[in-house]
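Right, one structure below, let's go through it.
Number of protein chains: 2
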Amino acid sequence: MLTHESVVSGKRISADLKELAEIGRSDDGGVYRMAFSEADMEGKDWLEAKMQEAGLETSRDGACNVIGRLRGREPDAPALLIGSHIDTVPCAGILDGTLGVLTGLECLRVLKQREQVPSCDIELIAFSDEEGRFGGMFGSQALAGQITPDTIHSATDPGGERLEDAMKALGLDPWEALQARRDPQSIGGYLELHIEQGPVLNKAEEQVGVVEAITGLFKWTITFSGEPNHAGTTPMPMRRDAFMGVADFAHEVPRILDENGSDRSRATIGRVELTPGSPNTVPGEATFTIDVRDTDETVMNELAGAIRKVLAAIARRRGLRFSYQVESWIKPVTCDARLVEQVDAAAAAGGFRYRRMESGAAHDAQIVASVAPVAMIFVPSVDGKSHSPAEWTAWDDIEAGAQVMLGAVERLAFDA
Amino acid sequence: MLTHESVVSGKRISADLKELAEIGRSDDGGVYRMAFSEADMEGKDWLEAKMQEAGLETSRDGACNVIGRLRGREPDAPALLIGSHIDTVPCAGILDGTLGVLTGLECLRVLKQREQVPSCDIELIAFSDEEGRFGGMFGSQALAGQITPDTIHSATDPGGERLEDAMKALGLDPWEALQARRDPQSIGGYLELHIEQGPVLNKAEEQVGVVEAITGLFKWTITFSGEPNHAGTTPMPMRRDAFMGVADFAHEVPRILDENGSDRSRATIGRVELTPGSPNTVPGEATFTIDVRDTDETVMNELAGAIRKVLAAIARRRGLRFSYQVESWIKPVTCDARLVEQVDAAAAAGGFRYRRMESGAAHDAQIVASVAPVAMIFVPSVDGKSHSPAEWTAWDDIEAGAQVMLGAVERLAFDA
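So the protein sequences, as listed, match chains F and E.
Counting in the working numbering, the first sequence runs from 1 upward without gaps.
Counting in the working numbering, the second sequence runs from 417 upward without gaps.
As structure tokens, then:
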């Protein structure tokens with residue numbers, strides 16, 4: 001282990017962020033660097049040049065993940081990967097995954113300058129399409145061997161553009177993505193720094209989050225069916241009002257979480273559609289979504305069971321029918337205890353205000369976890385905002401996060 | 417008063433209904449006789465010919481209301497009007513207002529055949545556009561003097577067609593509608609038979625409703641504003657979820673009605689729209705409609721006050737803002753006691769199963785009430801259905817309703 005004298009340069013991180021923010025920037029202040037767009041490729045080119053400038057060996061795999069390698073002493077030892085992604089949602093802020101890649105770049109720059117050789121290769125990786133323009137997390141899924149010819153063939157973006165066509169237009173061969181799979185034995189671990197995208201650290205005035213788990217989630221689309229009736233002529237006791245079923249359900253959500261959930265449980269009704277949707281008609285049908293998350297799959301199962309019971313009880317009580325469609329079931333990920341301890345130790349050693357916490361959002365780390373131990377470092381999101389130009393993190397906190405990443409890498413890839 | 421030997425002919429009513437049902441009928445089984453369409457005019461022509469066949473003096477006023485007159489003994493005595501409308505919503509059933517016009521036609525046919533002269537003129541009237549294609553109840557509003565040049569100029573249908581253009585295309589001069597106003601002194605009363613459009617009579621297995629009041633209503637569009645947040649990263653206690661405000665409100669509706677309403681009160685949330693409306697985002701904004709009805713304006717005011725209190729309390733509790741837009745406030749109408757008594761007497765004399773009740777829907781009678789005493793007769797709607805091809809009333813009940821109308825007219829327009 002190095003003697004912890006290495007210090008990241010906030011100035012260099014700031015300069016990098018500023019430069020990359022201009023790639024894909026629009027007049028509305030938002031960044032439009034969507035996966036496999038011209039701007040995305042320009043960003044990748046910029047990043048690769050920066051990696052080379054820092055003395056890293058660069059390459060791109062078949063999924064167009066950009067990799068910068070700091071060679072270690074033992075070429076066959078499993079590599080330590082760090083990184084995130086630089087693609088964005090439309091009208092994004094300038095941080096999100098980009099911050100994880102650029103703080104990672106700064107860490108490797110510092111280590112390179114110290115000229116001490118790590119015990120294993122350290123790779124900085126920027127994954128392709130983390131934001132799911134084409135429906136998944138293409139880059140990390142390719143690395144984890146979760147891509148098939150069918151994935152490549154059938155993936156389209158919300159506008160109907162095919163992944164294949166988008167890649168070909170950029171001179172890429174989409175079938176090469178099948179070659180991007182890495183032997184799990186070749187990866188010793190993966191560390192990802194990301195903005196929290198939630199309000200917890202910001203509210204608590206803490207600088208760093210040491211992520212212990214990434215929540216799983218399930219998403220259902222639920223429909224209550226009753227009878228569409230005239231709002232004036234149908235007495236209240238003669239109604240079978242589908243929306244009142246939804247309201248009853250929403251009212252039960254806090255109880256369902258209290259009784260069956262943990263303090264990490266979340267449940268959100270994000271969309272509601274009433275049919276016929278006319279102000280003077282009792283809704284005959286109500287369709288809504290529920291998004292439920294927890295870091296423990298047992299808890300997720302209990303929540304799902306409790307929800308089914310409540311739906312059935314409401315339907316019985318109100319003379320409604322109900323049906324639900326399972327849109328997704330994503331298992332939670334527990335971060336690797338050894339990696340988490342080293343991140344925690346680095347945060348403690350740096351004297352930062354930090355907490356152990358969970359990630360409520362999905363990240364590349366969740367995918368990589370299927371083939372290697374992972375851990376994550378969060379920095380605060382001002383007002384919990386992300387995916388908008390209002391997304392921000394105080395410079396001090398960015399430096400703190402980068403410093404924790406550097407400390408963790410030093411602890412993991414250098415001999416004591 | 418006649419000696420109650422007059423009896424309507426269900427056969428003739430049935431034959432008339434069958435003929436008129438073919439005008440505007442579509443392949444989907446629905447009737448499309450929307451106001452000021454070709455089919456509507458064809459229906460009016462058919463009706464006028466039928467009136468003439470029955471020996472009535474026919475005319476059309478400037479709003480294209482079709483009128484058939486049975487002359488009374490005293491030409492200056494205020495006339496008794498009966499009727500309803502024959503225009504339909506798109507894909508309508510064959511009854512609705514048409515039943516009121518055709519049973520009225522049968523009543524005058526019977527009276528004409530008895531060759532006894534009523535004390536005052538009896539007019540059968542079919543009002544134009546009761547269904548509000550052009551945004552109001554054009555025919556009865558014109559008769560009541562509620563139409564202005566601006567109404568005529570600015571009225572459009574949901575597809576953007578202007579009332580002026582629609583009338584001109586049929587060879588009608590829209591400005592003539594301003595001439596359709598009748599001197600209130602010239603109208604002694606208005607009786608309207610209509611299907612109930614609700615489930616009350618049908619459930620109770622009753623044949624006739626003697627309408628005492630027509631409900632008033634108010635319609636608000638209400639918006640709760642909170643904060644759109646990530647469904648995974650935002651802990652439950654840190655949310656300002658606009659939809660949960662709507663759910664809280666819906667949950668309070670029964671209590672609001674119990675505490676501040678009457679057994680005639682109704683409240684309906686018919687439309688809900690969430691922004692951004694994405695399954696994985698806590699709704700930042702929720703807009704919904706509430707339609708509230710009662711036959712007593714004092715009760716309506718109390719309900720409105722209670723709703724405001726609940727909205728304010730929910731907003732405070734959940735850290736939301738709220739605003740509401742009053743879309744309409746329509747005063748309730750109390751039917752004329754003398755007319756109601758005569759209708760009641762006719763129902764009792766006929767030995768029918770009937771009840772006093774309110775109308776939860778709006779009708780031409782509501783408009784006419786601003787210039788003359790009104791009452792209404794309801795017949796049951798099978799399963800409460802209306803405005804669809806499934807709309808139906810048993811023949812026995814149609815005959816019962818027509819017979820009550822005839823009895824009421826005899827009581828009101830013939831000397832004892």
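Even for Gly, the Cβ is constructed at its ideal location relative to N, Cα and C.
Keep in mind it's a predicted model, so treat the numbers as computed, not measured.
In the structure shown, the three-state DSSP call for asparagine 696 of chain E is coil. Around the C-beta of tryptophan 811 of chain E, fewer than 16 other C-beta atoms lie within 10 Å, and the residue is accordingly described as exposed. Under the three-pair Cβ rule at 8 Å, the region 441 to 455 of chain E counts as touching the region 489 to 505 of chain E. Collapsing the DSSP output to three states places leucine 586 of chain E in coil. In the three-state reduction of the DSSP assignment, aspartate 456 of chain E falls in the helix class, which pools H, G and I.
Annotation: the continuous alpha helix (DSSP H) that includes histidine 569 of chain E extends over 565 to 570.
Contact between methionine 821 of chain E and cysteine 523 of chain E holds: their C-beta atoms lie close to 5 Å from each other, under 8 Å. Identification of residues in the region 64 to 95 of chain F having a C-beta nearer than 9 Å to some C-beta of chain E yields an empty set.
Bridge pairing for valine 208 of chain F: F:Tyr354 [DSSP]. If you draw a straight line from the Cα of threonine 705 of chain E to the Cα of alanine 247 of chain F, it comes to about 14 Å. From the beta-carbon of aspartate 296 of chain F, no residue of chain E is found nearer than 8 Å; the closest lies around 15 Å away.
When C-beta distances to chain F are compared with 7 Å, the residues of the region 635 to 669 of chain E below that value are Lys635, Asn645, His646, Ala647, Gly648, Thr649, Thr650, Pro651, Met652, Met654, Phe659, Met660, Ala663, Ala666, His667, in chain order. Taking a C-beta cut-off of 7 Å against chain F, the contacting residues of the region 688 to 706 of chain E are Val688, Leu690, Gly693, Ser694, Pro695, Asn696, Thr697, Val698, Pro699, Thr705, listed in chain order. Considering only F:Met41, F:Pro78, F:Pro75, F:Thr103, the residue with the shortest C-alpha distance to serine 14 of chain F is F:Thr103.
Within 8 Å of the CB of lysine 203 of chain F, the CB atoms of chain E belong to Met654, in sequence order along the chain. Per the C-alpha coordinates, the member of E:Ile510, E:Asp674, E:Ala762, E:Ala582 positioned closest to glycine 440 of chain E is E:Ile510. For asparagine 645 of chain E, the three-state secondary structure derived from DSSP is strand.
In the DSSP assignment, threonine 298 of chain F falls within the unbroken alpha helix (DSSP H) covering 297 to 318. Buried is the label assigned to tryptophan 220 of chain F, since at least 16 other Cβ atoms lie within 10 Å of its Cβ. Arginine 293 of chain F: member of the beta strand (DSSP E) spanning 285 to 294, first to last residue.
Listed in chain order, the positions of the region 19 to 52 of chain F with a beta carbon within less than 8 Å of a beta carbon of chain E would be empty, since no residue qualifies. Along the region 736 to 752 of chain E, none of the residues has a CB nearer than 7 Å to a CB of chain F. Counting only residues of its own chain and dropping the five nearest sequence neighbours on each side, glutamate 252 of chain F has a CB closer than 7 Å to the CB of Val310.
Using a Cβ-Cβ cut-off of 8 Å, alanine 722 of chain E is close to nothing in chain F; its nearest Cβ partner there is about 15 Å away. Assigned with DSSP and collapsed to three states, valine 533 of chain E falls in coil, not helix or strand. Annotated as proximal: glutamate 164 of chain F and histidine 153 of chain F, with beta-carbon spacing under 8 Å.
Taking 8 Å as the upper bound for CB-CB distance, valine 825 of chain E and leucine 559 of chain E are not in contact here, some 19 Å apart. Between the alpha carbons of aspartate 27 of chain F and glycine 43 of chain F lies a gap of roughly 18 Å. Here DSSP, grouped into helix, strand and coil, assigns glutamine 325 of chain F to strand. Put simply, the CB of serine 262 of chain F is far from chain E, with every gap to its CB atoms at 8 Å or more. Residue pairing by DSSP puts lysine 219 of chain F in a beta bridge opposite F:Asp291, F:Ser328. In this structure leucine 540 of chain E is not in contact with leucine 607 of chain E, their Cβ atoms being roughly 10 Å apart against a cut-off of 8 Å. Beta bridge pairing from DSSP links alanine 213 of chain F with F:Thr334, F:Glu358. If you draw a straight line from the Cα of asparagine 696 of chain E to the Cα of phenylalanine 322 of chain F, it is about 22 Å long. Three or more beta-carbon pairs drawn from the region 632 to 651 of chain E and the region 700 to 718 of chain E are found closer than 8 Å, and the two stretches are therefore classed as touching.
Chain order gives the chain E residues near serine 386 of chain F as His646, Thr649, where near means a beta carbon separation below 9 Å.
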